[in-house]
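Remarks on the structure that follows.
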Amino acid sequence: MIGGQTKYPKYHKTVVHMLQDAAIKFPSAIALVYKKQELNYKDYFRCVMGLSQHLMSMANLKTLKGQRVAVICSNSIDMAISLFAVHAAGAQVVPINPIYTTREITFILNDSDPTIVIFDKTIETIVLPIINRLKIRYFIKVDEENDMSFDIWPNKEDADIFPMPEPEDLATLQYTGGTTGSPKGVNITHGQISINITQREVSWPTIEGQEKILCVMPLFHVFATSMALYLSAFSKGQMHILKRYHPELVLREIENTGITLLPVGPSIFHGLMNCEIFNTIDFSTLRIAYSGSAPLPDITLQRWEKATGCIILEGYGQTEAGPLVSANFQGSEVIVGSVGKALIDTEIEIVDVETGKQILDINQKGEIRVKGPQIMSGYRNNKAETDEALRNGWLYTGDIGEFDEDGNLFILDRKKDMVITGGYNVYPREIEEILYNHTDIIEAAVIGVADEYKGQVLHGFVTVNRRSKIKEGEILNYCRLELAEYKIPKSIFIVDQIPRTTIGKIDKKALKEFY
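See below:
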């Protein structure tokens, strides 16, 4: 399916130009809110330019074009300024999860080869030895507790505007989660980011100068940078930053500050709805919630909208795709279970899993491939993986999906998660959706495990609500009422919690290791 083609509205050459535009048009408007701190757009842009000048001065360079700067920070005003400052200096920003282990941080720093590392002082004992071992010359420690933050950058009043980055310049080196192997560094240009921001605006329009966006997802993640950091600057609205996720803090922030847009992952919707104060919160200012980073169970969407009166718009994408390629368009009927239609200037096709060459018809399941101006340039230092993912101008996503008669896209599962049991292809997400529909079940995950007789067999893991006394056998009986025999898990495990990756996705690799 091909998304409609139209002239891009409000297009900015780069995100730095976008922030500059906000600073010129809305200089005194509040841009960032964090704890008791506020920063307006004029000072936000000055801080960004001041820090970018300092980065270039450290490296004794007039521009950092062609260089990389790693940022290993938790959510804060400092983190937001750092990301934009690296862009403004012409460098490629490498966002890294600050709770990664020594092994994980070492791998990414070694692969990305940054000129400078910016990191939270709280992780100094982990990061500094790695920096020394890899002989990285320059670093900056962010010490939020002792007022050494970028929001009071000393030379911000004197920050000059120097040559800005160009659309073809590399902007971000975003490492994928690596749940099936070593992380891969995804090269994204400024042009690809800017186009995707505008593509999103056509599908999910914002109200200039009026949005209050809650940033609870970690800013090292592509969903948060796209749907909070960049979206707030594009809309010239406010980004309210929470350092970390806690259900009650999120709910209080929505009610007390008048949040209008909430971009989060499915696990956060679960957590909020199971919080004791959920039913007491006033959601009247919240216009739209956006779901991304993982599949959203149908029952979650329905429960949320019934309880809050606020719609959830789900989109589809991945780090390699800018990140957004499809969306349930604002103002259109939301098709439950669908991730919407292709964005403007975006093509999406379903092809056979075996060769990736045969285009399939509607209601036929196959691999999703996409084409558009937002698609990545390739993986850093990994030609083999690049050639596998990018073929003849198409990005092969590794996701299994299908279209309905109206062009709505449905995501069925990851290609690698598909289970072949007794000769049948089974998609674990279908079984997970059935499990989610059970009133006692909070979360569910299904995996395939090697079996001598059937090739693979299915095993399910669930968490249940605190008052439930349901047994594993009862859940299996429930599955028998809803699923064909070959789709029924061999066993169900009721667990206290289902393991997740550091960005909140269910970690099926860990489940397989556990089993």
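Start counting the sequence shown at 754; every next residue gets the next number (the numbering used here).
Backbone N, C-alpha and C define an ideal beta-carbon position, used for all residues, glycine too.
Please go through the same chain and pick out, in chain order, the residues whose beta-carbon is closer than 6 Å to the beta-carbon of residue i, but skip the five residues on each side of it.
i        : result
Gly-1272 : Since the first residue of the chain shown is 754 and the last is 1268, residue 1272 is not available in this structure.
Ile-994  : Tyr-787, Asn-828, Cys-968
Thr-1061 : Phe-1036
Gln-927  : Val-939, Val-975, Thr-1072
Leu-1229 : Ile-1245
Cys-1063 : Phe-1036, Leu-1039, Ala-1042
Val-1087 : Asn-1081
Ala-775  : Tyr-794, Ala-986, Lys-989
Given residue i, which residues of its chain have a CB within under 8 Å of its CB, disregarding the five upstream and five downstream residues?
i        : result
Lys-1207 : Thr-1174, Gly-1175
Tyr-764  : Ser-947, Ile-948, Thr-951
Ile-1115 : Glu-1155, Phe-1156, Asp-1157, Glu-1158
Asp-866  : Arg-821
Leu-887  : Thr-859, Leu-862, Asn-863
Phe-1163 : Gly-1090, Ser-1091, Val-1092, Gly-1154, Glu-1155, Phe-1156, Asp-1157
Gln-1083 : Ser-956, Trp-957, Pro-958, Ile-1041, Leu-1066
For residue i, collect the residues of the same chain with a Cβ closer than 7 Å to its Cβ; drop the 5 residues on either side in sequence, then sort them by chain order.
i        : result
Asn-1178 : Met-1171
Val-1104 : Lys-1110, Gln-1111, Ile-1112, Leu-1113, Gly-1119, Glu-1120, Arg-1122
Gln-773  : Phe-798
Phe-973  : Pro-848, Ile-849, Asn-850
Pro-882  : none
Ile-724  : No information on residue 724 is available, as it lies outside the stretch 754 to 1268 that the chain covers here.
Lys-874  : Lys-894, Val-895, Asp-896
Glu-1100 : Ile-755, Val-1123, Lys-1124, Gly-1125
Tyr-1190 : Reading off the sequence shown, one finds Asn at residue 1190, where the question assumed Tyr. Taken in chain order, the residues that qualify are Ile-1052.
Tyr-998  : Val-969, Ile-1021
Using the Cα positions of residue i and residue j, report the straight-line distance between them to the nearest angstrom.
i        : j        : result
Asp-1157 : Trp-1057 : 25 Å
Lys-1059 : Glu-1008 : 18 Å
Arg-1144 : Val-1078 : 17 Å
Pro-780  : Lys-1224 : 59 Å
Thr-868  : Lys-1124 : 33 Å
Gly-1226 : Ile-1247 : 11 Å
Thr-1255 : Tyr-1239 : 33 Å
Gly-1146 : Gln-963  : 39 Å
Gln-991  : Pro-1076 : 22 Å
Asp-1166 : Ser-1091 : 13 Å
Leu-729  : Tyr-891  : Outside the shown range of the chain (754 to 1268) lies residue 729, about which nothing can therefore be said.
Leu-1049 : Val-1202 : 24 Å
Ile-861  : Lys-1262 : 20 Å
Asp-1204 : Glu-1266 : 15 Å
Glu-1029 : Phe-1022 : 14 Å
Leu-1096 : Glu-877  : 42 Å
Pro-1181 : Val-870  : 40 Å
Thr-933  : Lys-795  : The predicted position of Thr-933 is uncertain, since its pLDDT is 47 and thus under 50; no value can be drawn from it.
Gly-931  : Asp-1051 : Confidence is the limiting factor: at Gly-931 the pLDDT is only 48, short of 50, which leaves the residue's position unreliable, though a coordinate-based value still follows. Rounded to whole angstroms, Gly-931 to Asp-1051 spans 27 Å at the Cα level.
Met-771  : Ala-986  : 7 Å
Leu-785  : Ile-1012 : 13 Å
Thr-816  : Glu-1102 : 41 Å
Val-880  : Met-1129 : 29 Å
Val-839  : Lys-818  : 10 Å
Glu-921  : Val-769  : 14 Å
Leu-739  : Gly-944  : There is simply no residue 739 to check, as the chain begins at 754 and stops at 1268 in what is shown.
Met-832  : Ser-1221 : 42 Å
Lys-996  : Lys-1243 : 41 Å
Thr-942  : Cys-1232 : 46 Å
Asp-1249 : Glu-857  : 27 Å
Met-809  : Ala-1142 : 34 Å
Gln-1127 : Thr-1192 : 40 Å
When DSSP builds the beta bridges, which residues end up paired with residue i?
i        : result
Val-1217 : Ile-1194
Leu-785  : Leu-792, Met-992
Glu-1102 : Arg-1122
Phe-1246 : Phe-1214
Ala-1203 : Gln-1209
Tyr-928  : Gly-938
Asn-1081 : For Asn-1081, which the question treats as bridged, DSSP gives no partner whatsoever.
Leu-862  : Beta-bridge pairing links Leu-862 to no other residue.
Pro-1019 : For Pro-1019, which the question treats as bridged, DSSP gives no partner whatsoever.
Asn-1069 : Sequence inspection shows Tyr at residue 1069; the Asn mentioned does not correspond to that position. Beta-bridge pairing links Tyr-1069 to Ser-1079.
Gln-845  : Arg-821
Asp-1166 : Ile-1153
Leu-808  : DSSP, once it has assigned bridges, lists no residue as partnering Leu-808.
Val-1172 : Val-1179
Is it the case that the CB of residue i approaches a heavy atom of the ligand ADP more closely than 6 Å?
i        : result
Ala-1042 : The ligand ADP is absent from the structure shown, which contains no ligands of any kind.
Please go through the region 872-898 and give each complete alpha helix (DSSP H) segment of 4 or more residues, from N-terminal end onward. 877-886
Write down every uninterrupted run of the beta strand (DSSP E) in the region 1117-1157 whose length is 3 residues or greater and which is fully enclosed by it, in chain order. 1119-1124, 1147-1156
What are the complete beta strand (DSSP E) segments, minimum 3 residues, inside the region 1024-1063? 1041-1044
Within the region 931-1005, note down every full beta strand (DSSP E) run reaching 3 residues or more, in order along the chain. 938-942, 965-968, 991-994
Taking 8 Å as the threshold, find out whether the region 998-1008 comes into contact with the region 973-985 through three or more Cβ pairs. no
Within 8 Å, do at least three Cβ pairs link the region 1212-1223 to the region 1190-1201? yes
Any contact of the region 1132-1141 with the region 944-955, i.e. 3+ C-beta pairs under 8 Å? no
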